[in-house]
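Peer 1: Take a look at the following structure, please.
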Amino acid sequence: MTQQPTNESRLERGKRALAEIDGEAGHNVVAALADIAPDFATYLFEFPFGDIYCRPGLDLRSREISTIAALTAMGNASPQLKVHIEAGLNVGLTREEITEIIMQMAVYAGFPAALNGLFAAKEVFARRG
Amino acid sequence: MDEKDRHRQGQSVRREVLGDVHVDRALRQRTAFSEDFQDLITRYAWGEIWTRPGLPRHTRSLLTLSMMVALNRDAEFQLHVRAAANNGVTRDEIKEVLLQTAIYCGVPAANHAFHLAVGVFQDMDREASPPPVD
Chain A
1 MTQQPTNESR
11 LERGKRALAE
21 IDGEAGHNVV
31 AALADIAPDF
41 ATYLFEFPFG
51 DIYCRPGLDL
61 RSREISTIAA
71 LTAMGNASPQ
81 LKVHIEAGLN
91 VGLTREEITE
101 IIMQMAVYAG
111 FPAALNGLFA
121 AKEVFARRG
Chain B
130 MDEKDRHRQG
140 QSVRREVLGD
150 VHVDRALRQR
160 TAFSEDFQDL
170 ITRYAWGEIW
180 TRPGLPRHTR
190 SLLTLSMMVA
200 LNRDAEFQLH
210 VRAAANNGVT
220 RDEIKEVLLQ
230 TAIYCGVPAA
240 NHAFHLAVGV
250 FQDMDREASP
260 PPVD
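As you go down the protein sequences, you meet chains A and B in turn.
Be aware that the first sequence starts at 1, since it is given in our numbering, and climbs by one per residue.
Be aware that the second sequence starts at 130, since it is given in our numbering, and climbs by one per residue.
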């Protein structure tokens with residue numbers, strides 16, 4: 001994806017990107033925002049997905065690798081980490097690659113952050129069967 | 130113990146741990162804006178916690194250092210490196226604490242803490258042997 005018709009709006013582009021990258025998990029996040037902060041759902045489509053993920057300079061696989069690493073290191077974003085582990089699998093990362101990314105974060109963010117990340121991955125892998 | 134006694138006791142423990150130079154400076158810099166806070170930490174942190182008998186001050190210094198690394202509190206970390214020396218913690222023991230933080234807080238956090246600690250040691254050494262006066 002990423003190369004889009006030039007007349008496509010940020011919102012349309014973001015919706016397309018979110019569906020492609022995050023699939024059902026992304027749809028669920030947006031649906032959960034509908035009654036409390038529908039505008040925030042729009043921002044979510046437009047900024048990270050419409051503006052950033054659609055940029056041509058890096059492929060989606062690499063973007064998900066960096067996102068999984070960042071969310072693991074933050075240590076306080078477990079729900080988002082799970083969504084992006086799903087997304088990583090959707091865009092072609094293997095389970096082994098995802099566990100390698102998370103293990104590497106033990107060096108930079110400490111063992112507890114990596115442990116929590118690995119258990120988040122375990123949960124996602126089990127759910128997908 | 131009333132609050133006045135607690136303040137007095139806290140001030141004395143604070144001087145023993147942080148040193149007169151630091152405490153005198155903090156008191157000199159006290160303003161109407163900060164004095165309630167100075168009073169609070171003297172009674173609470175020093176009068177209530179650091180005075181408790183359940184752990185030796187040496188141990189309290191070690192755990193405080195590791196928490197300051199985990200919480201990324203640079204200035205407080207530097208302060209507690211000096212305090213640790215006053216509490217009988219050796220530089221080798223500080224090194225061991227920092228090595229352990231690498232596991233739980235990550236290598237960059239520990240690396241930064243090593244740099245900060247070295248800077249404090251250099252300052253302490255310089256103060257201990259001032260250059261000769263002409």
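A virtual CB, placed ideally from N, CA and C, is assigned to each residue, including glycine.
A quick note: this is a predicted structure, and the numbers were derived from the prediction, not measured.
Just the C-alpha distance for LEU169 of chain B and LEU208 of chain B, rounded to the nearest angstrom, thanks.
Peer 2: So the two alpha carbons sit approximately 18 Å from each other.
Peer 1: Helix, strand or coil: how does DSSP classify ASP203 of chain B here?
Peer 2: It is helical.
Peer 1: 8 Å is my cut-off, CB to CB: does ALA69 of chain A come that close to chain B?
Peer 2: Closer than 8 Å: no.
Peer 1: Rounded to whole angstroms, what is the Cα-Cα separation between PHE166 of chain B and MET196 of chain B?
Peer 2: So the two alpha carbons sit approximately 21 Å from each other.
Peer 1: My guess is that MET105 of chain A and GLY88 of chain A are in contact by the Cβ rule of under 8 Å, so how many angstroms apart are they, rounded?
Peer 2: So it is not a contact: roughly 14 Å between Cβ atoms.
Peer 1: Note the first and the last residue of the continuous alpha helix (DSSP H) segment covering PHE166 of chain B.
Peer 2: Unbroken alpha helix (DSSP H) run through PHE166 of chain B: 164-170.
Peer 1: Which residues in chain C have a C-beta closer than 7 Å to the C-beta of GLY110 of chain A? List them in chain order.
Peer 2: Looking at the structure shown, chain C is missing, and the protein chains on hand are A and B.
Peer 1: Is the beta carbon of ARG186 of chain B less than 8 Å from the beta carbon of VAL146 of chain B?
Peer 2: In this structure, VAL146 of chain B lies closer than 8 Å to ARG186 of chain B by Cβ.
Peer 1: For CYS54 of chain A, does the three-state DSSP call read helix, strand or coil?
Peer 2: In the structure shown, CYS54 of chain A sits in coil (DSSP, three-state: anything other than H, G, I, E or B).
Peer 1: Confirm, please, whether the CB-CB distance from SER190 of chain B to VAL218 of chain B is below 8 Å.
Peer 2: Result yes, Cβ atoms of VAL218 of chain B and SER190 of chain B sit closer than 8 Å.
Peer 1: So which of B:GLY183, B:TRP175, B:SER163 and B:ARG157 has the shortest CA-CA distance to ASP134 of chain B?
Peer 2: Checking every option, the nearest Cα to that of ASP134 of chain B belongs to B:TRP175.
Peer 1: What would DSSP say about GLU8 of chain A, mapped onto helix, strand or coil?
Peer 2: DSSP places GLU8 of chain A in coil when its eight states are reduced to three.
Peer 1: What does VAL107 of chain A touch in chain B if you count any residue whose Cβ is under 8 Å from its own?
Peer 2: GLY235 and VAL236, listed in chain order.
Peer 1: Taking only the alpha-carbon atoms, compute the straight-line gap between PRO112 of chain A and LYS122 of chain A and give it to the nearest angstrom.
Peer 2: In a straight line, the C-alpha of PRO112 of chain A is about 15 Å away from that of LYS122 of chain A.
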